[in-house]
Structures are given as structure tokens and as C-alpha cells.
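Chains as they are written, first to last, in my numbering: chain A, 49 to 161; chain B, 89 to 200.
A virtual CB, placed ideally from N, CA and C, is assigned to each residue, including glycine.
Because the structure is a prediction, the values reported are computed rather than measured.
Since the structure comes first, as C-alpha cells, the remarks are kept for the end.
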Amino acid sequence: DTEVTQTPKHLVMGMTNKKSLKCEQHMGHRAMYWYKQKAKKPPELMFVYSYEKLSINESVPSRFSPECPNSSLLNLHLHALQPEDSALYLCASSRPGLANEQFFGPGTRLTVL
Amino acid sequence: RKEVEQDPGPFNVPEGATVAFNCTYSNSASQSFFWYRQDCRKEPKLLMSVYSSGNEDGRFTAQLNRASQYISLLIRDSKLSDSATYLCVVNMGQTGANNLFFGTGTRLTVIP
Numbered sequence: 049d050t051e052v053t054q055t056p057k058h059l060v061m062g063m064t065n066k067k068s069l070k071c072e073q074h075m076g077h078r079a080m081y082w083y084k085q086k087a088k089k090p091p092e093l094m095f096v097y098s099y100e101k102l103s104i105n106e107s108v109p110s111r112f113s114p115e116c117p118n119s120s121l122l123n124l125h126l127h128a129l130q131p132e133d134s135a136l137y138l139c140a141s142s143r144p145g146l147a148n149e150q151f152f153g154p155g156t157r158l159t160v161l
Numbered sequence: 089r090k091e092v093e094q095d096p097g098p099f100n101v102p103e104g105a106t107v108a109f110n111c112t113y114s115n116s117a118s119q120s121f122f123w124y125r126q127d128c129r130k131e132p133k134l135l136m137s138v139y140s141s142g143n144e145d146g147r148f149t150a151q152l153n154r155a156s157q158y159i160s161l162l163i164r165d166s167k168l169s170d171s172a173t174y175l176c177v178v179n180m181g182q183t184g185a186n187n188l189f190f191g192t193g194t195r196l197t198v199i200p
């Protein structure tokens with residue numbers, strides 16, 4: 049299984065809603081990542097988990113809250129988002145180590161009204 | 089200065105043409121390098137890793153010049169299916185997890 053899955057594929061939410069994005073991989077990767085991608089821009093790193101511990105938080109606002117319940121799962125909890133948070137949210141995983149490529153999920157396309 | 093710089097294009101080439109993309113990176117301590125391909129509204133997919141000795145995969149050849157901090161991708165005999173955005177990616181992370189920096193991407197359209 050060389051796949052990273054993400055749910056939901058699309059999400060529309062209001063600014064007062066609470067929702068969660070989910071990511072799962074069964075490749076035995078111990079590093080997992082959240083990225084945000086706006087149209088016609090490259091992905092921007094948000095969070096990195098290494099061995100289920102948060103190792104990088106790229107100054108992301110607290111309305112985004114990551115969680116790594118186990119080595120296969122990664123969640124991103126959303127609360128009180130702004131319309132400018134509308135974007136494609138990509139999850140990725142890799143084996144830890146500098147030479148190892150990241151594998152991306154198909155993303156969740158989020159619209160905040 | 090951006091960590092990874094690419095010519096955004098767009099590159100519009102006829103089928104069968106050879107096209108080259110270039111990329112520079114700022115951190116001389118960077119250890120690993122990749123080219124990813126991203127189709128419209130899809131996720132990035134790994135095209136190839138880039139090694140110091142250069143590497144080839146079919147019609148695709150990647151080169152790395154550490155002295156100049158420069159990476160290239162050459163596509164020979166372009167196909168219509170090669171139309172996509174090509175992302176130059178540099179790993180500037182620490183041990184335990186990697187921290188990828190993406191170039192802005194180069195948009196390629198192969199024309200019949």
C-alpha cells in the first residue's frame with residue numbers, strides 16, 4: 049500500500065464551525081506533514097510530526113490544531129477559520145531521514161464562508 | 089532571497105520537443121533534492137530524486153550542481169501527457185523529519 053488517503057475531499061464551513069481533516073497512511077512512515085496550498089502557489093509547510101511528536105510548527109495560527117493519534121493517522125482540527133484560510137490542504141508522509149521523498153495525499157479542498 | 093527559485097514559465101512546446109527547467113537553492117547545506125509534478129487541482133507526485141552524479145529515468149534526466157547550487161530537469165521527446173507544473177523541491181530539514189522547500193513551479197504545456 050503506497051497511498052496516503054485524506055478525508056473529506058471537499059469541505060465547506062462557516063467561520064464559527066469546528067471541523068477536522070483526516071489523513072491516513074499504511075506505509076510505515078514515521079514522519080507526517082500538513083501543507084496548505086493556495087491556487088497557483090507551491091505548497092507551504094504547516095506542521096511536521098516525527099515519531100508522533102510535533103517537531104515543526106511553521107508559525108501557524110492557533111485556529112489550526114494538529115493531532116497525531118498514532119503512527120498511521122494525522123488530523124487537523126479547524127476552528128474559527130477565516131475566508132482567507134480557503135485552500136487545498138495536503139497531507140504527506142515519509143520515512144524519517146533527509147534523503148527520503150514525501151508522498152502526498154489527494155488533499156482536502158476547503159472553502160470558508 | 090527565496091530558498092528555492094524557479095522560472096515560473098509558462099513553457100509552451102510542441103510534441104517531440106526537448107525542454108529544460110532550472111532551479112537554484114540558497115542553502116548550501118541542503119542534502120536532498122527532488123522534482124515533483126503537479127497536475128491541475130491534484131496533489132504533487134514525485135517525478136524523480138536528484139543525485140550528485142545525475143540520474144535518468146526514461147525521457148527524464150535530472151542534474152545537480154552543488155558548487156553552483158543549481159538543479160535541472162530535462163524532458164526529451166515531450167508528450168501531451170507531460171503537460172503539468174514541475175516543482176523543484178529541496179530538503180533543508182534536520183534528522184528525524186524532513187522540511188521540504190518548494191519552488192514556485194514551472195508550468196509546461198505540450199502542444200499537439
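Exposure label - residue i; buried when at least 16 CB within 10 Å
| i | result |
| --- | --- |
| TYR99/A | exposed |
| ILE199/B | exposed |
| GLN54/A | buried |
| LEU168/B | exposed |
| PRO90/A | buried |
| SER118/B | buried |
| HIS77/A | buried |
| LYS79/A | Note that residue 79/A is Ala in the sequence shown here, rather than Lys. Label assigned to ALA79/A: buried. |
Residue from the options with nearest C-alpha to residue i
| i | options | result |
| --- | --- | --- |
| ILE172/B | GLN94/B, GLU91/B, PRO98/B | According to the sequence as given, residue 172/B is Ala; it is not Ile. Of the candidates GLN94/B, GLU91/B, PRO98/B, the one whose C-alpha sits nearest the C-alpha of ALA172/B is PRO98/B. |
| ASN110/B | ALA155/B, GLY104/B, MET136/B, GLN151/B | GLN151/B |
| THR197/B | GLY191/B, ASP95/B, SER166/B | SER166/B |
| PHE180/B | ARG195/B, GLY146/B, PHE122/B | For the record, residue 180/B in the displayed sequence is Met; it is not Phe. Looking at the Cα atoms, PHE122/B is the closest of the given residues. |
| SER120/B | SER141/B, ASN100/B, CYS128/B | SER141/B |
| GLN73/A | PRO154/A, CYS116/A, GLU51/A, SER107/A | GLU51/A |
| VAL160/A | HIS77/A, GLU132/A, ARG111/A, ALA87/A | GLU132/A |
| SER116/B | VAL178/B, TYR174/B, GLN126/B | VAL178/B |
| ALA140/A | LYS67/A, GLU92/A, LYS88/A | GLU92/A |
| VAL204/B | ARG164/B, PRO102/B, TYR158/B, ASP127/B | No answer is possible for residue 204/B: the residues shown for chain B start at 89 and end at 200. |
| PHE151/A | GLY104/B, LYS130/B, GLU103/B | LYS130/B |
| CYS71/A | VAL60/A, ARG111/A, CYS116/A | CYS116/A |
| TYR201/B | CYS128/B, ASP170/B, TYR124/B, CYS176/B | The structure shown does not extend to residue 201/B, since chain B is modelled only from 89 to 200, so the question has no answer here. |
Chain A within 8 Å of residue i, Cβ atoms only
| i | result |
| --- | --- |
| ASN187/B | yes |
| GLY193/B | yes |
| PHE190/B | yes |
| PRO132/B | yes |
| PHE109/B | no |
| SER137/B | yes |
8 Å Cβ cutoff, residue i in contact with chain B
| i | result |
| --- | --- |
| GLY76/A | no |
| GLY62/A | no |
| PHE95/A | no |
| LEU124/A | no |
Enclosing beta strand (DSSP E) for residue i [first to last residue]
| i | result |
| --- | --- |
| GLU144/B | 143–145 |
| ASN100/B | 99–102 |
| LEU196/B | 194–199 |
| GLN94/B | 92–94 |
| THR106/B | Run containing THR106/B: none; DSSP gives neither H nor E here. |
| GLN54/A | 52–55 |
Residue i: CB within 7 Å of a non-hydrogen atom of the ligand ADP
| i | result |
| --- | --- |
| ALA108/B | Ligands in the displayed structure: none, and consequently the ligand ADP is not present. |
Interface flag, residue i vs chain E, CB-CB below 8 Å
| i | result |
| --- | --- |
| PHE122/B | The question asks about chain E, but that chain is absent: this structure's protein chains are A and B. |
Next item on the list: Write down every uninterrupted run of the beta strand (DSSP E) in the stretch 60–136 of chain A whose length is 3 residues or greater and which is fully enclosed by it, in chain order.
Entry: The stretch 60–136 of chain A contains these whole beta strand (DSSP E) runs: 66–73, 79–85, 92–98, 101–105, 112–118, 121–127.
Notebook entry, point to check: Which full runs of the beta strand (DSSP E) of 3+ residues lie inside the stretch 109–174 of chain B, going along the chain?
Noted result: Taken in chain order, the unbroken stretches of beta strand (DSSP E) that lie wholly in the stretch 109–174 of chain B and span 3 residues or more are 120–126, 132–138, 143–145, 148–153, 158–163.
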